[in-house]
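Trainee: Residue numbers (this note's numbering): 60 to 356.
For every residue, glycine included, the Cβ atom is placed at its ideal position computed from N, Cα and C.
Please read these numbers as outputs of a predicted model, since none were measured by experiment.
The structure's right below; bear with me while I get my questions together.
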Ligand SMILES: [Zn+2]
């Protein structure tokens, strides 16, 4: 379908186009143009956008695949625990606490300019490179979980329980009738639930049992960035999972897990390490932004 006369030229000398808001009749022609892309290409593009959105950890709601980049939901508000959203304001792109999207509900949060972050993030990487051995040590210490033994014990206990329930189920195998069916159904449900819990724990255990592997992955990612000064199209989310915005002049980059549920309740007490500064000018005043990393287990 094609709509003609969506705009019209009022003054042929200036050649200025105006939106046709009803001053002239619009002309509608069905099936006038062949489709611009084939259905196959369209579906491939949708698939690619979806994988990009997944890469950047987006939930994938409606329109979530449009215009996403590494800054999408990168900022995190420690006051209302909401992600930051991107917004263009007078030619500058900035990140805002999403509680302020409709009404200014989150009084303590501050917006951050993307053009500043474009410079701050390479500085953060440089700081970590310069202190690599110390950074490695801190990571290893954070990832070496002392509750590992407890977890292993729970996994073993679950295995034993699942085994017992399976044996019971076998005993009822040849028996039928409503009462037996109910018991069998109950046992199956139980086995499923126990198996799920065991799978989750085993997965956690595998990751935590190898802190060196996690540390090496992070160091590898650090060196992938180190050759450049400019941020370019580098996907820094592989290194910095989120950015906690205490305020515009105190930014904390999260390294490690992107699960922020266990952050200290008081944002001011979030432990910031490898601190660096960035000076910027707003109108006539100079400001200093302090930034660093937080290692999240
Ligand atoms: Zn907020």
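Can you tell me the Cα-Cα spacing of residue 179 and residue 337, whole angstroms?
Mentor: If you number the chain shown from 1, residue 179 lands on position 120. If you number the chain shown from 1, residue 337 lands on position 278. Those two C-alpha atoms are separated by around 7 Å.
Trainee: Which residues mark the beginning and the end of the beta strand (DSSP E) in which residue 162 is found?
Mentor: Looking up residue 162 in the chain shown gives position 103. Note, residue 162: premise wrong, no beta strand (DSSP E); not H, not E.
Trainee: Regarding residue 135 and ligand 1, is the C-beta to nearest heavy atom distance less than 6 Å?
Mentor: Taking the chain shown and counting its residues from 1, the one referred to as residue 135 is at position 76. Incorrect: residue 135 has no Cβ contact closer than 6 Å to ligand 1.
Trainee: Applying the criterion that 16 or more other CB atoms from any shown protein chain within 10 Å of the CB defines a buried residue, is residue 346 buried or exposed?
Mentor: Translated into the one-based positions of the chain shown, residue 346 becomes position 287. Exposed is the call here.
Trainee: Give me the residue from 147, 139, 149 with the minimum Cα distance to residue 158.
Mentor: What you label residue 158 is simply residue 99 of the chain shown in a count that begins at 1. When only C-alpha atoms are compared, the closest one is 139.
Trainee: For residue 206, is the beta carbon positioned less than 6 Å from some heavy atom of ligand 1?
Mentor: Here residue 206 refers to the residue found at position 147 when the chain shown is read from its first residue. No; taking the cut-off as 6 Å, the Cβ of residue 206 has no heavy atom of ligand 1 nearer than that.
Trainee: Can you name, in chain order, every residue of its own chain whose Cβ lies under 7 Å from the Cβ of residue 261, other than the five neighbours on each side?
Mentor: As a first step, residue 261 is located in the chain shown; it is residue number 202 there, counting from the start. Correct list, in chain order: 214.
Trainee: Can you tell me where the beta strand (DSSP E) with residue 153 in it begins and where it stops?
Mentor: For this step, residue 153 is matched to residue 94 along the chain shown. First-last of the beta strand (DSSP E) with residue 153: 151-156.
Trainee: With H, G and I counted as helix, E and B as strand and the rest as coil, what does DSSP make of residue 329?
Mentor: Residue numbering aside, residue 329 sits at position 270 when the chain shown is read from its first letter. Coil.
Trainee: Which whole-angstrom value is the C-beta distance of residue 175 and residue 353, which I expect to be below 8 Å?
Mentor: Here residue 175 is taken as the residue at index 116 of the chain shown, counted from 1. Here residue 353 is taken as the residue at index 294 of the chain shown, counted from 1. Incorrect: roughly 19 Å between the Cβ atoms, too far for contact.
Trainee: Can you determine whether any heavy atom of ligand 1 sits closer than 6 Å to the C-beta of residue 141, and answer yes or no?
Mentor: As a position in the chain shown, residue 141 is number 82, starting the count at 1. Correct: residue 141 has its Cβ closer than 6 Å to ligand 1.
Trainee: Are the region 225-242 and the region 289-301 touching by the rule of at least three beta carbon pairs closer than 8 Å?
Mentor: The region 225-242 is not in contact with the region 289-301.
Trainee: Under a Cβ-count criterion, where at least 16 other Cβ atoms within 10 Å of its own Cβ denotes burial, should residue 241 be classed as buried or exposed?
Mentor: Along the chain shown, read from residue 1 onward, the residue named residue 241 stands at position 182. Residue 241 should be labelled exposed.
Trainee: How far does the beta strand (DSSP E) with residue 303 in it reach, from first residue to last?
Mentor: For the purposes of this step, residue 303 is taken as residue 244 along the chain shown, with counting starting at 1. First-last of the beta strand (DSSP E) with residue 303: 301-306.
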